[in-house]
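Engineer: Chain order of the listed sequences is A and B.
Residue 0 is where the first sequence starts when you use numbering that gives the first Met the number 0, and the numbers rise one by one after that.
Residue 0 is where the second sequence starts when you use numbering that gives the first Met the number 0, and the numbers rise one by one after that.
Where is the CB? At the ideal position from N, CA and C, for every residue including glycine.
2 protein chains.
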Amino acid sequence: MKSALEMLRGFGDHFEKVDVGNMLPQSYNMLVFSGMGGSGIVGEIMKSYLIKNGSNKPVFSIKGYELLPFVDKDALVVCISYSGDTEETISVFEQAIKVGAKIISISSGGKLEELSNKHGVPHIKIPTGYPPRYALGFMLNACLWLFGKEEEILDLKEDLKASSSRYEEVSKDIAKSLFGYVPIIYGTPLMEAAAYRFKTQINENSKTPAYNAYIPEMHHNEVVGYTNPDINQYLRFVIVADKKEHPRVSLRVNMTIDILKDKGFNPILISEEGNSYISRLLKNIYIGDFASYHLANMYGYDPLPVDIITYVKKRLQDG
Amino acid sequence: MKSALEMLRGFGDHFEKVDVGNMLPQSYNMLVFSGMGGSGIVGEIMKSYLIKNGSNKPVFSIKGYELLPFVDKDALVVCISYSGDTEETISVFEQAIKVGAKIISISSGGKLEELSNKHGVPHIKIPTGYPPRYALGFMLNACLWLFGKEEEILDLKEDLKASSSRYEEVSKDIAKSLFGYVPIIYGTPLMEAAAYRFKTQINENSKTPAYNAYIPEMHHNEVVGYTNPDINQYLRFVIVADKKEHPRVSLRVNMTIDILKDKGFNPILISEEGNSYISRLLKNIYIGDFASYHLANMYGYDPLPVDIITYVKKRLQDG
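In structure tokens form, the structure reads like this:
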């Protein structure tokens with residue numbers, strides 16, 4: 000297996016053309032992504048991307064065992080599991096089969112590939128040999144070739160490759176500011192997926208608790224928590240914002256920074272440029288991915304193993 | 000204004016019959032709730048409730064300025080703002096008018112009532128004189144009379160009234176275990192809204208940071224964060240679970256408790272009995288509401304004022 004750093008540096012290379020042939024059904028009335036963890040973030044990103052592009056169909060991202068009750072044969076369900084063995088996603092796949100929904104599956108192999116072959120479900124196979132979270136590019140790329148715009152994907156690829164070495168450096172300062180604290184990541188509406196990804200990357204790579212919340216919702220509750228200095232002292236803050244948010248959201252980002260500064264914090268703002276929304280989203284994610292890697296190093300943890308997840312899976316097998 | 004404790008004790012009294020006449024349109028193709036903070040949680044609860052009851056229509060809960068792009072004249076949009084002046088909800092209302100959607104609004108007055116009258120939109124007026132989060136019962140009750148089952152609402156009301164004094168007591172131990180730490184609240188799929196409500200009530204009532212995450216998703220990332228004892232020491236954990244979850248979720252709840260105990264924590268499990276799902280959900284929420292009140296007292300904070308939210312609103316007015 001490649002090193003974590005080699006995998007991170009190669010993120011842009013994941014966005015190679017995928018031949019999706021005539022896999023996409025001619026019509027469907029809603030689109031449901033199913034996946035967990037490093038595979039589930041793909042559904043969150045795709046939901047944001049499609050809604051931002053004005054999707055005329057409802058889009059859902061499910062993280063759990065249960066298909067939504069209003070999904071029927073007219074829906075398209077995209078099941079994504081890097082290993083192909085995630086039990087929640089297999090459960091959703093089986094329910095989707097039962098209601099006769101249209102399905103596409105994405106995995107590096109496993110039970111999801113087997114079941115897809117058995118049921119004649121179109122399957123996109125992606126490369127093996129990565130921890131799921133380091134294979135985000137492959138899974139997302141498959142979805143973008145299914146539902147995205149070719150010029151945006153090619154642009155994104157170049158943007159990521161051009162940014163890699165710079166992000167590897169600038170993210171060191173972010174890691175430094177988070178070291179020794181509970182990282183709290185705020186996302187604006189267009190950057191919710193990036194904020195959540197950063198939280199989970201700190202969990203898995205840096206083996207450290209981290210949490211996320213969203214602007215503007217956090218202005219209605221979370222900000223009051225800043226009142227308590229005894230508890231606040233354990234936290235450090237990052238805001239992931241898009242440059243092209245609703246103007247009132249951008250105003251709220253500035254206000255959040257001011258309020259945090261007033262409380263003695265120095266929040267970090269991540270808000271990269273990019274020609275397309277998907278490019279800005281992935282570049283913001285890329286910086287967080289690197290920062291979680293550096294934070295792991297600072298704590299002396301190997302970013303790759305995730306022993307407690309391995310333990311959970313073992314216990315689930317034992318029943 | 001009543002005291003916080005008086006308002007908490009009266010929660011069950013909010014569930015009086017509401018005459019919704021023929022407010023509900025005969026047909027609609029999807030249901031969208033719009034609201035923020037203490038009003039927004041109503042949409043989260045209703046989404047869970049309708050999906051649990053097997054809704055045959057897509058249900059969404061929006062927290063923000065933007066209506067979803069696939070909402071058109073066939074959708075029903077329910078706009079909820081306790082004050083009636085929440086700018087995000089007003090923005091969604093105006094967009095819903097623009098696309099010709101069917102709308103119902105709920106507020107204690109404010110701009111939302113005015114706009115509803117102007118546009119001939121059915122409006123449910125609820126009592127004034129409460130902070131929004133203490134008026135949850137009134138707002139939710141209105142929605143339940145619109146979309147719920149009468150026997151469940153009556154049952155819920157009795158359940159809440161019968162539990163009040165016991166919950167006021169048992170929640171003291173929960174507050175004690177959270178005092179001095181960052182509370183982390185986990186919710187199972189059916190209790191996501193309860194976990195989020197508890198987080199926000201700690202923020203607003205206890206003036207203290209608190210965060211939430213969800214089972215099973217947190218088994219795919221968050222659990223790895225337990226590796227880092229230097230940062231974990233700042234946290235304390237609560238799990239809000241439904242008694243009738245998917246069996247694999249219930250297994251995962253037990254595993255999460257075991258893992259946390261193994262790390263030296265003593266997580267609290269909130270999982271009340273109740274005849275209906277909505278009753279169990281609201282009872283779990285009720286315990287958290289009381290616990291956040293006690294936690295405020297322990298820190299010496301008045302649970303009612305939310306100065307930083309007041310400041311945010313003021314600055315938004317200034318533009």
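What's the gap between the Cα of residue 152 of chain B and the Cα of residue 79 of chain A?
Structural biologist: 39 angstroms
Engineer: Run down chain A in chain order and give the residues with a C-beta less than 7 angstroms from the C-beta of residue 67 of chain B.
Structural biologist: Neighbours of residue 67 of chain B in chain A, taken as residues whose beta carbon is under 7 angstroms from its own, are 50 in chain order.
Engineer: Check whether the stretch 208-224 of chain B touches the stretch 52-60 of chain A, counting contact only when three or more Cβ pairs, one atom from each stretch, lie closer than 8 angstroms.
Structural biologist: no
Engineer: Roughly how many angstroms separate the alpha carbons of residue 32 of chain A and residue 252 of chain B, rounded to a whole number?
Structural biologist: 24 angstroms
Engineer: If you run the structure through DSSP and keep just helix, strand and coil, what is residue 35 of chain B?
Structural biologist: In this structure, residue 35 of chain B counts as coil in the three-state DSSP scheme.
Engineer: CB residue 101 of chain B to CB residue 67 of chain B, shorter than 8 angstroms?
Structural biologist: no
Engineer: Against residue 395 of chain B, what residues of chain A qualify as contacts under a CB-to-CB distance less than 8 angstroms, listed in chain order?
Structural biologist: An answer regarding residue 395 of chain B cannot be provided, because it is not within the stretch 0 to 318 covered by chain B.
Engineer: Which residue spans inside the stretch 82-154 of chain A form an unbroken alpha helix (DSSP H) run of at least 4?
Structural biologist: 86-97, 109-118, 135-146
Engineer: Measure the Cβ-Cβ separation of residue 277 of chain A and residue 48 of chain A and say whether it is below 8 angstroms.
Structural biologist: yes
Engineer: Would you kindly work out how many angstroms separate the C-alpha atoms of residue 249 of chain A and residue 188 of chain A, rounded to a whole number?
Structural biologist: 11 angstroms
Engineer: Quick check on the DSSP output: what are the complete alpha helix (DSSP H) runs of length 4 or more inside the stretch 165-229 of chain B, in order along the chain?
Structural biologist: 191-204
Engineer: Cβ of residue 7 of chain A less than 8 angstroms from any chain B Cβ?
Structural biologist: no
Engineer: Hey, residue 295 of chain B and residue 170 of chain B are a contact pair by Cβ (cut 8 angstroms); roughly how many whole angstroms apart?
Structural biologist: About 12 angstroms; that fails the 8 angstroms criterion.
Engineer: Please list the partners that residue 62 of chain B has in chain A, where partner means a Cβ-to-Cβ separation under 7 angstroms.
Structural biologist: 216
Engineer: Any idea what DSSP makes of residue 67 of chain A, helix, strand or coil?
Structural biologist: coil
Engineer: So, residue 108 of chain A versus residue 127 of chain A, is the Cβ gap smaller than 8 angstroms?
Structural biologist: yes
Engineer: Quick check on the DSSP output: the alpha helix (DSSP H) that includes residue 289 of chain A runs from which residue to which?
Structural biologist: 276-298
Engineer: Could you give the distance in angstroms between the alpha-carbon of residue 138 of chain B and the alpha-carbon of residue 46 of chain B?
Structural biologist: 14 angstroms
Engineer: Please list the partners that residue 29 of chain B has in chain A, where partner means a Cβ-to-Cβ separation under 7 angstroms.
Structural biologist: Correct list: 57.
Engineer: Which partner residues of residue 59 of chain B appear in the DSSP bridge assignment?
Structural biologist: B:31
Engineer: For chain A, find out if any of its Cβ atoms is closer than 8 angstroms to the Cβ of residue 292 of chain B; answer yes or no.
Structural biologist: no
Engineer: So what does residue 76 of chain B bridge to, in DSSP terms?
Structural biologist: B:31, B:102
Engineer: To the nearest angstrom, how far is the alpha carbon of residue 178 of chain A from that of residue 174 of chain B?
Structural biologist: 29 angstroms
Engineer: Suppose the cutoff is 7 angstroms on Cβ atoms and the five residues either side in sequence are ignored; what does the same chain contact list for residue 7 of chain B look like?
Structural biologist: 288, 289, 292
Engineer: What residue from B:215, B:181, B:265 has the CA that sits closest to residue 228 of chain A's CA?
Structural biologist: Nearest option by C-alpha distance: B:181.
Engineer: Under 7 angstroms, CB to CB, which of the residues in the stretch 186-208 of chain B have a partner in chain A?
Structural biologist: 188, 199, 202, 203, 206, 207, 208
Engineer: Would a C-beta distance cut-off of 8 angstroms place residue 89 of chain A and residue 117 of chain A closer than the cut-off?
Structural biologist: No; because the gap between Cβ atoms is not below 8 angstroms, this pair is not in contact.
Engineer: Between the alpha carbons of residue 28 of chain B and residue 71 of chain B, how many angstroms are there, rounded?
Structural biologist: 9 angstroms
Engineer: Measure how close the beta-carbons of residue 238 of chain B and residue 266 of chain B come, nearest whole angstrom, since I'm counting them as under 8 angstroms.
Structural biologist: 6 angstroms
Engineer: Using the C-alpha atoms, what's the distance from residue 121 of chain A back to residue 106 of chain B?
Structural biologist: Near 48 angstroms, if we compare the C-alpha coordinates of residue 121 of chain A and residue 106 of chain B.
Engineer: Return the chain-ordered list of same chain residues with a C-beta closer than 8 angstroms to the C-beta of residue 315 of chain A, the five sequence neighbours on each side being excluded.
Structural biologist: 86
Engineer: Beta-carbon of residue 151 of chain B versus every beta-carbon of chain A: anything under 8 angstroms?
Structural biologist: no
Engineer: What did DSSP end up calling residue 311 of chain B once you bin it into helix, strand or coil?
Structural biologist: helix
Engineer: Run through chain B and tell me which residues come within less than 8 angstroms of residue 88 of chain A, C-beta to C-beta.
Structural biologist: Those within 8 angstroms of residue 88 of chain A in chain B number zero; the least Cβ separation is about 11 angstroms.
Engineer: Name, please, each residue of chain B whose Cβ falls closer than 7 angstroms to the Cβ of residue 245 of chain A.
Structural biologist: 64, 65
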